[in-house]
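One structure is given here, and the rest of the page talks about it.
Here is the structure:
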């Protein structure tokens, strides 16, 4: 059965370019501030601590946090940044590499079955942003499986998120469709809203399916008319 939120039929919210840039920048800073802060803490320990065990802990913390900060910046460069000219083509292999670095941790694993190919920039940006949306559907961790079918601009993306208590977060469908509670967008909700903007720019339609029998959320992006609504299906 297919249902769509009635508010999604309204005209999408339009953000001023400066406001959009500021909110996306806030989101990027949010992603990198934690590992950078951990690096600072590690350096402070090295400066003050004489115990070799604590100094070893500090080195490990700095090394892990620096790698995490680098991975997040590389991901954000493609998912949110320009990454080339307006007509640039991006490699799905590069998308896989940065997605693995950003997503994988002790709770969440990523499987990738999208063959390497060059695709229009906005299609690859959309896929990476849908990976981020997928992480929000499994708050207790799990597995995100990414696959692609077709070639070139006819490529279709499918992301299956499986984990305990999988669910579609409140307001995500509205945000993907360009709507927001009380018609207000802030840094906390800019990422799914931005994902909807990229979907429309890539001329792709996003659908979210909820599998009742399992704990799986399936997100599909299909080429077609730019999506003014985002549907949720129960299968």
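Residue numbers (the working numbering): 1414 to 1648. All residues carry an ideal CB built from backbone N, CA and C; glycine is no exception.
Residue of the options minimising C-alpha distance to residue i
| i | options | result |
| --- | --- | --- |
| residue 1581 | 1559, 1598, 1592, 1605 | 1605 |
| residue 1536 | 1439, 1615, 1431 | 1615 |
| residue 1429 | 1597, 1623, 1632 | 1597 |
| residue 1490 | 1447, 1442, 1465 | 1442 |
| residue 1518 | 1618, 1484, 1528 | 1484 |
| residue 1608 | 1546, 1631, 1630 | 1546 |
| residue 1524 | 1558, 1548, 1600, 1624 | 1558 |
| residue 1425 | 1464, 1502, 1617, 1613 | 1613 |
| residue 1583 | 1574, 1507, 1593 | 1593 |
| residue 1620 | 1540, 1501, 1471, 1603 | 1540 |
| residue 1554 | 1444, 1576, 1509 | 1576 |
| residue 1504 | 1482, 1522, 1538 | 1538 |
| residue 1544 | 1468, 1434, 1435, 1633 | 1633 |
| residue 1631 | 1599, 1556, 1611 | 1556 |
| residue 1587 | 1514, 1602, 1574, 1578 | 1602 |
| residue 1624 | 1636, 1637, 1578, 1501 | 1578 |
| residue 1493 | 1562, 1513, 1439 | 1439 |
| residue 1528 | 1508, 1467, 1520 | 1508 |
| residue 1514 | 1458, 1486, 1502, 1501 | 1486 |
For residue i: DSSP bridge partner residues
| i | result |
| --- | --- |
| residue 1533 | 1502 |
| residue 1370 | The structure shown does not extend to residue 1370, since the chain is modelled only from 1414 to 1648, so the question has no answer here. |
| residue 1569 | 1562 |
The alpha helix (DSSP H) enclosing residue i, as first and last residue numbers
| i | result |
| --- | --- |
| residue 1450 | 1430 to 1461 |
| residue 1613 | 1603 to 1614 |
| residue 1585 | 1585 to 1589 |
Extent of the continuous beta strand (DSSP E) to which residue i belongs
| i | result |
| --- | --- |
| residue 1476 | That residue, residue 1476, is in no beta strand (DSSP E); its alpha helix (DSSP H) goes 1465 to 1492. |
| residue 1623 | 1617 to 1624 |
| residue 1634 | 1629 to 1636 |
Residue i CB to nearest heavy atom of the ligand NAD below 7 Å
| i | result |
| --- | --- |
| residue 1580 | Annotation note on the ligand NAD: not contained in the displayed structure, which lists no ligands. |
Closer than 8 Å to chain B by CB, residue i
| i | result |
| --- | --- |
| residue 1471 | This model lacks chain B altogether; it includes just one protein chain. |
Determine, using beta-carbon pairs with one atom in the region 1526 to 1540 and one in the region 1562 to 1577, whether at least three such pairs fall under 8 Å.
yes
Validate contact between the region 1449 to 1456 and the region 1478 to 1493 using beta carbons, cut 8 Å, 3 pairs
yes
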